[in-house]
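Trainee: Dumping the structure here so I can ask a few things about it.
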Amino acid sequence: MTDTQATQTAEIPPPAPASGREPLLKVTGLTRHFPIKGGLLRRQTGAVRAVDGIDFTVNAGETLGVVGESGCGKSTMGRLVTRLDEPTRGTIEFAGTDISHLGVGAMRPLRRDIQMIFQDPYSSLNPRHTVGTIVGAPFKLQGVEPEGGVRKAVQELLELCGLSPEHYNRYPHEFSGGQRQRIGIARALALKPKMIVADEPVSALDVSIQAQVVNLLDDLQQELGLTYLIIAHDLSVVRHVSDRVAVMYLGKIVEIADRDSLYRSPMHPYTNALMSAVPVPDPRRRQRAGRERILLKGDVPSPINPPSGCRFRTRCWKAQEVCATQEPALVALKTGHQVACHFPEGSEVAGAADKAGDKAS
Ligand SMILES: Nc1ncnc2c1ncn2[C@@H]1O[C@H](COP(=O)(O)OP(=O)(O)OP(=O)(O)O)[C@@H](O)[C@H]1O
Ligand code: SF4
Ligand SMILES: [Mg+2]
């Protein structure tokens, strides 16, 4: 069956979990509005709709990459799923348990299973603590006594992350950016987590070092069977490590697909624009792929007052009337490929546009 036929019959099977994989993380209708208060009485006058109703799953052992421009809600989403922040609405299920509103005490045992790696290895490590104290801190916090003692466990973690056990007594300022991020990763691995949420783990590093850290994450996943949610600004960083990729725009997921499907045939105009910004070393290859650079006009609208209908419409070169009145739902147009657009790119255009027209009339 061709993709076009699939669209028209609308009998699309849900994305099959890769063999033997079950969702470890399931997010439904996840929403985080930051209230804006004003006036003498500090009444709520509005809200920053940072994350505005998103659904996705991450299967055990896989990597979901999340990309989007600055301010689209990636970090807020990361903080919600690790429960460093509490959702306004929606649910977060981890390993079958609803953790959306668990208190500090109830989250404590789960903190071992979900760890976060931050963007800035400079500010996320306490400069007054030795590497040994930093990497060993999770054991103390959770009251865990590793076999053979904390020192041995920390030294093993350092080696696992490509550092020397001799670094135990050194301080963060003695290390390069890449090494500091390795220290952050070693700390995140201390309690043998199931899942790691990495918020722009390589953005602060030199391009030459980025690949090394990404490769380390990849190797650790193979070795330890980890599940990753990796947040990045641009599509090139997550390309090699992700099994699936979600594209966010202004608090929403606009496209989510298997990696190869997304990079080969992106369907959302916004994904196309992001994709066209990824440098292709050989211009002839870029031409063959039909990928000329699309320059997005205008700024990202404010998440306080997002555009009606499709949030991308103020910058979209394909926008029609229906885009201003109807919000496009995130629907599967192919197996393993969901998109929220009335006029998606590719062979499905005719079918989807007809459907959008039907709805509008
Ligand atoms: N604590 C907060 N209070 C109010 N608004 C917030 C808060 N945290 C984030 N925001 C707003 O929510 C929106 C999403 O922010 P977020 O940091 O999640 O975006 P991001 O995609 O991670 O951006 P970046 O790529 O720059 O890191 C932004 O408009 C931001 O200003
Ligand atoms: S729904 Fe309309 S405005 Fe939104 S991305 Fe698709 S074509 Fe563009
Ligand atoms: Mg961020």
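According to this note's numbering, the sequence shown is numbered sequentially starting from -15.
Just so it is clear, CB atoms sit at the ideal spot from N, CA and C, and this is done for glycine as well.
What would DSSP say about residue 212, mapped onto helix, strand or coil?
Mentor: The sequence position of residue 212 within the sequence shown is 228, counting from 1. Strand.
Trainee: Tell me the rounded alpha-carbon separation between residue 252 and residue 261.
Mentor: The sequence position of residue 252 within the sequence shown is 268, counting from 1. The sequence position of residue 261 within the sequence shown is 277, counting from 1. Between residue 252 and residue 261, the C-alpha separation is close to 15 Å.
Trainee: Quick check: the stretch 192 to 211 against the stretch 38 to 52, are there 3 or more CB pairs under 8 Å?
Mentor: Judged by Cβ distances under 8 Å, the stretch 192 to 211 makes contact with the stretch 38 to 52, as three or more pairs qualify.
Trainee: Comparing the CB of residue 56 with every heavy atom of ligand 2, is any distance shorter than 7 Å?
Mentor: As a working mapping, residue 56 is identified with position 72 in the sequence shown. No, ligand 2 has no heavy atom inside 7 Å of this Cβ.
Trainee: Which same chain residues, not among the five before or five after residue 81, have their C-beta less than 8 Å away from its C-beta?
Mentor: Here residue 81 is taken as the residue at index 97 of the sequence shown, counted from 1. Contacts found: 94.
Trainee: So what's residue 139 in DSSP terms, helix, strand or just coil?
Mentor: Counting from one through the sequence shown, the residue named residue 139 turns up at place 155. Of the three classes helix, strand and coil, the one that applies to residue 139 here is helix, per DSSP.
Trainee: Leaving out five residues on either side along the sequence, give the residues of the same chain with a beta carbon under 8 Å from the beta carbon of residue 13.
Mentor: The count along the sequence shown starts at 1 and reaches residue 13 at position 29. Excluding positions up to five away in sequence, the list reads 37, 38, 39, 73, 74 and 75.
Trainee: Relative to the alpha-carbon of residue 54, which residue among 276, 218, 322 and 318 has its alpha-carbon at the smallest distance?
Mentor: Here residue 54 is taken as the residue at index 70 of the sequence shown, counted from 1. When only C-alpha atoms are compared, the closest one is 218.
Trainee: Out of 296, 220, 15 and 206, state which residue places its alpha-carbon closest to the alpha-carbon of residue 239.
Mentor: Taking the first residue of the sequence shown as 1, we reach residue 239 at position 255. The shortest C-alpha separation from residue 239 is found at 296.
Trainee: Within 10 angstroms of its Cβ, does residue 0 collect 16 or more other Cβ (buried), or is it exposed?
Mentor: Here residue 0 refers to the residue found at position 16 of the sequence shown. Reliability of the predicted coordinates at residue 0 is poor, the pLDDT of 48 falling under 50, and the value obtained from them is presented with this limitation in mind. Exposed is the call here.
Trainee: Would the beta-carbon of residue 59 be found less than 7 Å away from any heavy atom of ligand 1?
Mentor: Within the sequence shown, the letter at position 75 stands for residue 59. Yes, the Cβ of residue 59 comes within 7 Å of a heavy atom of ligand 1.
Trainee: Count the CB pairs spanning the stretch 215 to 232 and the stretch 282 to 301 that are closer than 8 Å, and state whether there are at least three.
Mentor: no
Trainee: With a 10 Å radius around its C-beta and 16 neighbouring C-beta atoms as the bar for buried, classify residue 257 as buried or exposed.
Mentor: Taking the first residue of the sequence shown as 1, we reach residue 257 at position 273. Residue 257 sits buried, since 16 or more C-beta atoms from the chains shown fall within 10 Å of its C-beta.
Trainee: By alpha-carbon positions, which one of 254, 284, 220 and 290 ends up nearest to residue 278?
Mentor: Position 294 of the sequence shown, counting from 1, holds the residue named residue 278. It is 254 whose Cα lies nearest to the Cα of residue 278.
Trainee: Mind checking whether residue 222 and residue 51 have CB atoms under 8 Å apart?
Mentor: The residue labelled residue 222 in the question sits at position 238 within the sequence shown. The residue labelled residue 51 in the question sits at position 67 within the sequence shown. The answer is yes: Cβ separation under 8 Å.
Trainee: How many angstroms separate the CA atom of residue 110 from the CA atom of residue 141?
Mentor: Here residue 110 refers to the residue found at position 126 of the sequence shown. Here residue 141 refers to the residue found at position 157 of the sequence shown. In a straight line, the C-alpha of residue 110 is about 18 Å away from that of residue 141.
Trainee: I need the DSSP call for residue 246, collapsed to helix, strand or coil.
Mentor: Position 262 of the sequence shown, counted from the first residue, corresponds to residue 246. Looking at residue 246 - three-state DSSP - the assignment turns out to be helix.
Trainee: Can you list, in chain order, the residues of its chain with a C-beta nearer than 7 Å to that of residue 272? Leave out the 5 residues immediately preceding and following it.
Mentor: The count along the sequence shown starts at 1 and reaches residue 272 at position 288. Unreliable placement is indicated for residue 272, whose pLDDT of 49 sits below 50; the coordinate value is still reported in the next sentence. Around residue 272: no qualifying Cβ.
Trainee: May I have a chain-ordered list of the alpha helix (DSSP H) segments no shorter than 4 residues that lie completely inside the stretch 167 to 220?
Mentor: 191 to 208
Trainee: Can you name, in chain order, every residue of its own chain whose Cβ lies under 6 Å from the Cβ of residue 194, other than the five neighbours on each side?
Mentor: Numbered from 1 along the sequence shown, position 210 holds the residue referred to as residue 194. Closer than 6 Å at the Cβ level, and outside the excluded window around residue 194, lie 186.
Trainee: Does DSSP classify residue 314 as helix, strand or coil?
Mentor: If you number the sequence shown from 1, residue 314 lands on position 330. In the three-state DSSP reduction, residue 314 falls in the coil class, being neither helix nor strand.
Trainee: Following a CB-centred definition, is residue 250 positioned closer than 7 Å to any heavy atom of ligand 2?
Mentor: Here residue 250 is taken as the residue at index 266 of the sequence shown, counted from 1. No; taking the cut-off as 7 Å, the Cβ of residue 250 has no heavy atom of ligand 2 nearer than that.
Trainee: Just tell me which of 180, 206, 175 and 236 has its CA closest to the CA of residue 66.
Mentor: Numbered from its first residue, the sequence shown carries residue 66 at position 82. Comparing Cα positions, the closest option is 180.
Trainee: Can the beta-carbon of residue 132 be found closer than 8 Å to that of residue 241?
Mentor: Position 148 of the sequence shown holds residue 132. Position 257 of the sequence shown holds residue 241. It is not a contact, given that the beta carbons lie outside the stated cut-off.
Trainee: Between residue 122 and residue 171, is the Cβ-Cβ spacing less than 8 Å?
Mentor: Position 138 of the sequence shown holds residue 122. Position 187 of the sequence shown holds residue 171. Contact: yes.
Trainee: Please list the segments of the alpha helix (DSSP H) lying wholly inside the stretch 79 to 132, counting only runs of 4 or more residues, in order along the chain.
Mentor: 88 to 95 and 115 to 126
Trainee: Would the C-beta of residue 287 count as close to ligand 1, meaning under 7 Å from any of its heavy atoms?
Mentor: Start at 1 with the first residue of the sequence shown, and residue 287 comes out as number 303. Residue 287: yes, Cβ under 7 Å from ligand 1.
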